[in-house]
Amino acid sequence: MISVQTHDFDPAAEYQALRDSGPGTGAIVTFTGLVRDSGDLKDVHGLYLEHYPGMTEQVIQGLIDEATQRWDVRRARVIHRVGQLALSDQIVFVGVCSAHRGDAFKACEFIMDALKTSAPFWKKEITSEGEHWVEQKAGDRARSSRWE
Amino acid sequence: MISVQTHDFDPAAEYQALRDSGPGTGAIVTFTGLVRDSGDLKDVHGLYLEHYPGMTEQVIQGLIDEATQRWDVRRARVIHRVGQLALSDQIVFVGVCSAHRGDAFKACEFIMDALKTSAPFWKKEITSEGEHWVEQKAGDRARSSRWE
Amino acid sequence: MSNETLTVRFFARLREELDTEALELPAEPGLTAGDLLTQLAARGGAWSQLQGGQPVMIAVNQTMARPSTRVQAGDEVAFFPPVTGG
Amino acid sequence: MSNETLTVRFFARLREELDTEALELPAEPGLTAGDLLTQLAARGGAWSQLQGGQPVMIAVNQTMARPSTRVQAGDEVAFFPPVTGG
């Protein structure tokens, strides 16, 4: 399940959907990203998130397919919000269930790392001083290339 | 927060407690373990979990302290159930929040891996054929020693 | 969408700085995504950054592509800064 | 808990197979956790497995310990199979 949406999401409902994946599921790993008060700038009080409709969903589906080929993934759910977000708002959810915890951790972290460098989303930080398009981090590129 | 308990837990409440950790939190990673239908035996329909009261809590606190020294951990919550559990029941929850996702993933997986080989819990699988104390896996020892 | 043109889209900082969301450009035979960047950069001003400025990512028909990727009439070509979601 | 004894506890498969949850044993000077295992194994029957059988983990006062760990009056010593929680 993939959703790109402006409205908020409920991690409890996502967790339940992963849990309802049958008696072979032994491990559920979830990642949630929140709007933090410091990024490229200090005292961030909001974000604006732009995306490339259509392409984002395709890229994320490709990442889920790749994770499913590499590890035992019984179900995966990815939600990414776009538009205007406030401090501490939920931005992104990645949840994976598997028979085994090692596979669930790897698949979840891989999808998240690869999403950061290959899914067409762009973040603008908003502070009381002004706005700033976030720069891609060398650290994110390095985290993503670990999986190659 | 550490709890060893017979009753079920609510991952949504745990998630909320992690999310309420202030505006510097950017990443929440949670792991939940469920009773799976096959472990050492096939057609498992329940587990019995025994523990060493007092020592379990101390060991888990030590793991959280170690994780907090090694990574940026803003808050960590661990719940482990004991007693009689049925198929698909929740066994264990580990949740960590951090400024950054890399730290949250590492701390959560470290606590879970180390718990499997150092916290005094023992699992007995229950099938229609009988009962069986689960053997510690070489794979779990290897996963745990990766962090040394 | 005509058979003789392709669509070029811009996102995020590029969309803002070029003040352009999308363009229709002639789809000459043998054209590559890199050729489009060269043509557009020649407009000068903010457009110059499309060559030799900050890195520009390319997608053709919503799939990541490179400057050498061939493009043709009816294609959707997108130029954007390195992505920063998640 | 007397000043001259220590408590020995058993868990999980060991508790079941020895049919014993806890014992009070004399705390002789210079005693180690390994000495306790030797003494108990000498009881024969199911107790023999405490030496040379499947691995036995040791905790002294609720902290992981080794056969060479010294134990004294008032200590809580626990013997159990490798742990399998989570």
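Protein chains in written order, with this note's numbering: chain A, 105 to 252; chain B, 105 to 252; chain C, 156 to 241; chain D, 156 to 241.
The C-beta atom is built at its ideal place from N, Cα and C for all residues, glycine as well.
Treat the numbers as computed from the prediction; the structure is a model and nothing was measured.
Query: Cutoff 8 Å; reference Q209(C); Cβ partners in own chain excluding five residues on either side; Result: P236
Query: Contact set for F209(B): own chain, Cβ-Cβ below 7 Å, skip 5 residues either direction; Result: V133
Query: Span separating the alpha-carbon of V148(A) from that of M216(A); Result: 22 Å
Query: Helix, strand or coil at S125(B) according to DSSP, with G and I counted as helix; Result: coil
Query: Counted within 10 angstroms of its Cβ, other Cβ atoms place R181(A) as buried (16 or more) or exposed; Result: buried
Query: Beta carbon of A201(C) nearer than 8 Å to that of L173(C); Result: yes
Query: Range of the contiguous alpha helix (DSSP H) that encloses K220(B); Result: 205-222
Query: T134(A) - DSSP class collapsed to helix/strand/coil; Result: strand
Query: Unbroken alpha helix (DSSP H) run spanning E239(B), endpoints; Result: Here E239(B) belongs to no alpha helix (DSSP H), and DSSP marks it neither H nor E.
Query: For V200(A) and L153(B), the rounded distance between their alpha carbons; Result: 25 Å
Query: Under 9 Å by beta carbon: chain A residues contacting A220(C); Result: Within chain A, no residue comes near A220(C); the closest Cβ sits about 11 Å away, beyond 9 Å.
Query: Residue-level contact to chain B via CB, G128(A), 8 Å cutoff; Result: yes
Query: Short CB-CB distance (under 8 Å) between G206(B) and chain A; Result: yes
Query: Own chain residues within Cβ distance below 7 Å of T110(A), not counting five before or after; Result: R185, V186, G187
Query: Partner residues on chain A for R174(B), Cβ-Cβ distance less than 9 Å; Result: Neighbours of R174(B) on chain A: none; closest Cβ ~17 Å, over 9 Å.
Query: Beta-carbon gap between L205(C) and A182(C) smaller than 8 Å; Result: no
Query: Pairwise C-alpha distance: I164(B) and P222(D); Result: 23 Å
Query: Inter-residue Cα distance where the pair is Q173(A) and F113(B); Result: 32 Å
Query: Secondary structure, alpha helix (DSSP H): runs of 4+ residues fully inside the stretch 161-216 of chain C; Result: 167-173, 188-196
Query: Uninterrupted alpha helix (DSSP H) stretches inside the stretch 132-189 of chain B (no shorter than 4 residues); Result: 159-174
Query: Short CB-CB distance (under 8 Å) between G137(B) and chain A; Result: yes
Query: A233(C) - containing beta strand (DSSP E), residue span; Result: 231-235
Query: CA-to-CA distance, P224(A) to M212(C), given in whole angstroms; Result: 10 Å
Query: Cβ pair count under 8 Å reaching 3, the stretch 230-244 of chain A against the stretch 117-124 of chain B; Result: no
Query: Backbone secondary structure at R225(D) - three-state DSSP; Result: strand
Query: CB of F135(A) within 8 Å of CB of V198(A), strictly; Result: yes
Query: Which of helix, strand or coil DSSP assigns to E229(A); Result: strand
Query: Residue range of the beta strand (DSSP E) that includes F113(A); Result: Unbroken run through F113(A): none, as it is neither H nor E.
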